[in-house]
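I have placed the structure first, in the form of structure tokens, so that the comments after it can refer back to it.
Protein chains: 2
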Amino acid sequence: MSIKIQPEAITSLRGFEIPERLGFGTVMAPVMFRARYQDGRWSDGELVPYGPLALDPAAKVLHYAQSCFEGLKAYRCGNGVGLFRPERNAARMAHSARRLCMPPVPEPLFLDAVRTVASHCATLIPGNSGESLYIRPFLIGTQPDLAVTASRAYEFYVIASPSEAYHAGNMRLWVERQDSRAAVGGTGDAKVGGNYAASLLSIAGLKERGYDQSLWLNPGNRHTIDELSGMNFFAVMDGALHTPALNGSILEGVTRDSLLTLARDLGLEVHEREIDIDDLLALVASGTCTEAFACGTAAIVSPISELGDGERRYRLSQAPGPVAEQLRRALLDIQEGRAEDRFDWMQMVPLASD
Amino acid sequence: MSIKIQPEAITSLRGFEIPERLGFGTVMAPVMFRARYQDGRWSDGELVPYGPLALDPAAKVLHYAQSCFEGLKAYRCGNGVGLFRPERNAARMAHSARRLCMPPVPEPLFLDAVRTVASHCATLIPGNSGESLYIRPFLIGTQPDLAVTASRAYEFYVIASPSEAYHAGNMRLWVERQDSRAAVGGTGDAKVGGNYAASLLSIAGLKERGYDQSLWLNPGNRHTIDELSGMNFFAVMDGALHTPALNGSILEGVTRDSLLTLARDLGLEVHEREIDIDDLLALVASGTCTEAFACGTAAIVSPISELGDGERRYRLSQAPGPVAEQLRRALLDIQEGRAEDRFDWMQMVPLASD
Ligand SMILES: Cc1ncc(COP(=O)(O)O)c(C=O)c1O
Ligand SMILES: Cc1ncc(COP(=O)(O)O)c(C=O)c1O
Numbered sequence: 017m018s019i020k021i022q023p024e025a026i027t028s029l030r031g032f033e034i035p036e037r038l039g040f041g042t043v044m045a046p047v048m049f050r051a052r053y054q055d056g057r058w059s060d061g062e063l064v065p066y067g068p069l070a071l072d073p074a075a076k077v078l079h080y081a082q083s084c085f086e087g088l089k090a091y092r093c094g095n096g097v098g099l100f101r102p103e104r105n106a107a108r109m110a111h112s113a114r115r116l117c118m119p120p121v122p123e124p125l126f127l128d129a130v131r132t133v134a135s136h137c138a139t140l141i142p143g144n145s146g147e148s149l150y151i152r153p154f155l156i157g158t159q160p161d162l163a164v165t166a167s168r169a170y171e172f173y174v175i176a177s178p179s180e181a182y183h184a185g186n187m188r189l190w191v192e193r194q195d196s197r198a199a200v201g202g203t204g205d206a207k208v209g210g211n212y213a214a215s216l217l218s219i220a221g222l223k224e225r226g227y228d229q230s231l232w233l234n235p236g237n238r239h240t241i242d243e244l245s246g247m248n249f250f251a252v253m254d255g256a257l258h259t260p261a262l263n264g265s266i267l268e269g270v271t272r273d274s275l276l277t278l279a280r281d282l283g284l285e286v287h288e289r290e291i292d293i294d295d296l297l298a299l300v301a302s303g304t305c306t307e308a309f310a311c312g313t314a315a316i317v318s319p320i321s322e323l324g325d326g327e328r329r330y331r332l333s334q335a336p337g338p339v340a341e342q343l344r345r346a347l348l349d350i351q352e353g354r355a356e357d358r359f360d361w362m363q364m365v366p367l368a369s370d
Numbered sequence: 017m018s019i020k021i022q023p024e025a026i027t028s029l030r031g032f033e034i035p036e037r038l039g040f041g042t043v044m045a046p047v048m049f050r051a052r053y054q055d056g057r058w059s060d061g062e063l064v065p066y067g068p069l070a071l072d073p074a075a076k077v078l079h080y081a082q083s084c085f086e087g088l089k090a091y092r093c094g095n096g097v098g099l100f101r102p103e104r105n106a107a108r109m110a111h112s113a114r115r116l117c118m119p120p121v122p123e124p125l126f127l128d129a130v131r132t133v134a135s136h137c138a139t140l141i142p143g144n145s146g147e148s149l150y151i152r153p154f155l156i157g158t159q160p161d162l163a164v165t166a167s168r169a170y171e172f173y174v175i176a177s178p179s180e181a182y183h184a185g186n187m188r189l190w191v192e193r194q195d196s197r198a199a200v201g202g203t204g205d206a207k208v209g210g211n212y213a214a215s216l217l218s219i220a221g222l223k224e225r226g227y228d229q230s231l232w233l234n235p236g237n238r239h240t241i242d243e244l245s246g247m248n249f250f251a252v253m254d255g256a257l258h259t260p261a262l263n264g265s266i267l268e269g270v271t272r273d274s275l276l277t278l279a280r281d282l283g284l285e286v287h288e289r290e291i292d293i294d295d296l297l298a299l300v301a302s303g304t305c306t307e308a309f310a311c312g313t314a315a316i317v318s319p320i321s322e323l324g325d326g327e328r329r330y331r332l333s334q335a336p337g338p339v340a341e342q343l344r345r346a347l348l349d350i351q352e353g354r355a356e357d358r359f360d361w362m363q364m365v366p367l368a369s370d
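Quick look at the structure:
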């Protein structure tokens, strides 16, 4: 597989000035990776200047949401760039693609694309702890045809955003008893647009009511915890770590998996199981559940300070709690190269020489 | 609200040659309507040549499926064009938009847009019974920002496709016991991309196994009938018409509503209720359920000849049956101007003079 670097891409990179305020996911790197799928095969990929996609108004992605995406981070490490477990993102994106009848992006193409973007954008990565390049691969169905059938043509892009540390701070979660983000037998374990679209309404009203995120319950039983709109959920009870077991409607987070590994390694007792929301709230009220946190690529670990259920509010006694702090530090130390990479999670990419 | 007709749009229309084979939803009219929403208000609309949309790669629609759409038909009637109940589509699209936190397209803008497209494309409408202009309004979130929050910028388009009569023919349905298209508390009663994305995998394998469409069950109880991927479901039992009651996960079809009105008017006994799939299959086997059909804007009424459930196949004794035939004729007679428009369903639009 050969990747073409358009000269205009290099020019865009040279002319780019990093704005002072970055935020998270709002400033876009001036280049992007593109590959096309047609007639059953993938084109060579190319690095091109960031710019508008020309999409036919009848493209399937615009009507039938045939799209999936990934999110991962690149960190500045010495004179290279570190990617955190990118092969997990490649595998998850292949899974998401299959769920929507899209051709999975082959792992070598996915990894080459991510590496190409990371190595060319390395100089855009801010250098302070927690700062990173957020990388967003996505795949869309582009065939212009209004039939409700899978597209025959696809485009795969990788865009990137130099980002500040994402301080979600302490989060207050709203227990969402009404809406669902994905169905049992639906697309909850895939990273596809429709799940996020379905979440927006619940999220939208939260701030005014004093909450930051919705806590989604399982759409089948409506009383066990699934996850947040973009993070997985953990709780600490009597010193042991509990997280909802994967059940088909939860996205399998790379951070979730990494924290479970680290927790076991640190000697913590770990339970992946069904967690009933009413049980959890009672344990928070009684003080048995001392801390809870959410995790994901963007925020890494975010302490939860409060759970709201209708009129009632349940406060966690420790936010951030010691377990969240310990796990966050252990993970970040590996990602930023301060600790030994004992689980072989980091992939180093040399800077592009251009 | 004023609509600008770009001179280039008129030129595109003049230069357009209608292909001999039309199909359904594949040939696009050479013009489209566009209006933009920004800073809380709608721009004036304009009719422009059909052509690619320039979308930022980070546009919310591409990642988080913030999009909804409608489908309605325009028929050639004398020296004008007839639209069928377009205000129902306007209302449904407003409902869909709200479900995804999008600003509803105001009814006057929606109707003006559809009328503008219909009147300018009138000469593209083939003249034979069943042929029509299929009109596809859609609304997409365009703000370039990777946060999982509602877009602040939107674009509303109306594209159209001169189409042949859509002969689904007799359909064989596969009872989908595994997958769901939308969750309880999800987006099933809204016409949004994610529902269709979630349907694609079930649909994809059907043809090889001898089926045409999936029959979706309610995602909450997994045993009552909801609908098809793009049509509502009806069955005739002992001469009475039965259809699943609206329950939040079924799209409220305009055709469904119209057929219910016509059926009551024709003196048929009509039941909107929960229909258990196992009960239905038993009634088909025993001969009590004699016919079943699906309905929607595209195919109007499509007889169902067979229901497949795992290894078992249940054949309907009449396909098409007399009730389906009678309702189809009654509806088409109104839509094509042969019968009196007793329910005030048709809106006539004069041809554009250009
Ligand atoms: C729905 C959902 N759950 C969980 C996660 C966390 O996954 P990861 O740790 O791989 O970022 C994400 C974010 O990617 C997500 O969108
Ligand atoms: C899921 C779904 N159900 C039902 C229908 C039928 O609705 P209508 O009769 O308004 O075309 C459609 C098509 O629009 C649909 O997409």
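Chains as they are written, first to last, in the numbering used here: chain A, 17 to 370; chain B, 17 to 370. Ideal placement from N, C-alpha and C gives every residue a C-beta, glycine not left out.
Taking 7 angstroms as the cut-off, is the beta-carbon of residue i closer than that to any non-hydrogen atom of ligand 1?
i	result
THR278(A)	Note that residue 278(A) is Leu in the sequence shown here, rather than Thr. Outside the cutoff, so no.
LEU267(A)	yes
ARG50(B)	no
VAL270(A)	yes
Could you pull the DSSP bridge partners for residue i from this structure?
i	result
SER133(B)	Note on residue identity: the sequence assigns Val, not Ser, to residue 133(B). BP columns for VAL133(B) are empty, so no partner.
LEU233(B)	ILE241(B)
ASN105(A)	Paired residue(s): none; ASN105(A) is not in a bridge.
PHE49(A)	LEU63(A) and VAL174(A)
GLU307(A)	VAL252(A)
ILE316(A)	GLY312(A)
MET362(A)	PHE100(A)
GLU123(B)	Its beta-bridge partners do not exist; DSSP assigns none.
SER148(A)	SER179(A)
I'd like the list of long-range same chain contacts for residue i, defined as Cβ closer than 7 angstroms, with 5 residues on each side in sequence excluded.
i	result
PRO366(A)	GLY96 and SER135
ILE316(B)	THR271, ARG344, LEU347 and LEU348
PHE100(A)	LEU88, LYS89, GLN351, TRP361 and MET362
PRO279(A)	Pro is not the amino acid found at residue 279(A); the sequence shown has Ala there. Contacts found: LEU257, VAL286 and LEU343.
ASP357(A)	ILE350
PRO119(B)	TYR53, ALA113 and TYR170
If you measure from the beta carbon of residue i to each beta carbon in chain E, is any gap under 8 angstroms?
i	result
PHE309(B)	Note that chain E does not occur in the displayed structure, where the protein chains are A and B.
Please return the same chain residues whose Cβ sits closer than 6 angstroms to the Cβ of residue i, not counting the five positions on each side in sequence.
i	result
ALA129(A)	PHE49, GLY61 and VAL174
PRO336(B)	PRO319
ALA308(B)	ALA251, ILE320 and LEU332
ILE156(A)	VAL77, SER83 and GLU171
Kindly examine ligand 2 and report whether one of its heavy atoms sits closer than 7 angstroms to the Cβ of residue i.
i	result
MET247(B)	yes
LYS207(B)	yes
CYS311(B)	yes
GLY87(B)	yes
GLU103(B)	no
GLU5(B)	Outside the shown range of chain B, which is 17 to 370, sits residue 5(B), and nothing can be said about it.
Residue i and residue j look like a contact to me (Cβ under 8 angstroms); what is the Cβ gap, rounded to whole Å?
i	j	result
ILE235(A)	PRO235(B)	Reading the sequence as shown, one finds Pro at residue 235(A) and not Ile. Correct: roughly 7 angstroms between the Cβ atoms.
THR42(B)	ASP161(A)	5 angstroms
THR158(A)	VAL77(A)	7 angstroms
THR132(B)	LEU63(B)	6 angstroms
ALA213(B)	ALA198(B)	Not quite, the Cβ-Cβ distance comes to about 10 angstroms (not below 8 angstroms), so this is no contact.
GLU322(A)	ARG108(A)	Not quite, the Cβ-Cβ distance comes to about 30 angstroms (not below 8 angstroms), so this is no contact.
TYR14(B)	GLY324(B)	For chain B, the structure presents residues 17 to 370; residue 14(B) sits outside this window and is missing.
Only counting the same chain, and skipping five residues up and downstream in sequence, which positions put a Cβ closer than 8 angstroms to that of residue i?
i	result
CYS137(B)	LEU29, ALA45, VAL47, ALA90, LEU149, ALA176 and PRO178
HIS287(B)	ALA256, LEU257, HIS258 and THR259
ILE141(B)	ALA90, TYR91, ARG92, VAL97, GLU147, SER148, LEU149 and PRO178
LEU125(A)	MET17, ALA51, TRP58, GLY61 and PHE172
ILE219(B)	GLN229, SER230 and SER245
ASP273(B)	ARG104
### Message
Please identify, using Cβ separations under 9 angstroms, the residues of the region 136-148 of chain B that lie next to chain A, in order along the chain.
### Response
Per Cβ criterion, the list is empty.
### Query
Using a beta-carbon distance cut-off of less than 7 angstroms, what residues from the region 48-59 of chain A approach chain B?
Flagged, chain order: MET48.
#### Entry: chain B contacts from the region 208-225 of chain A (Cβ-Cβ distance under 9 angstroms)
Here the close residues are VAL208, GLY209, GLY210, ASN211, TYR212, ALA213, ALA214, SER215, LEU216, LEU217, ILE219 and ALA220.
### Query
When you check each C-beta in the region 95-112 of chain B against every C-beta of chain A, which residues fall closer than 9 angstroms?
Contact annotation: in the region 95-112 of chain B, no residue has its CB less than 9 angstroms from a CB in chain A.
#### Entry: Members of the region 162-187 of chain A that neighbour chain B once the beta carbon cut-off is set at 7 angstroms
Against chain B - using a Cβ distance shorter than 7 angstroms - the residues of the region 162-187 of chain A are LEU162, ALA163, VAL164, THR165, ALA166, TYR173, ILE175 and SER177.
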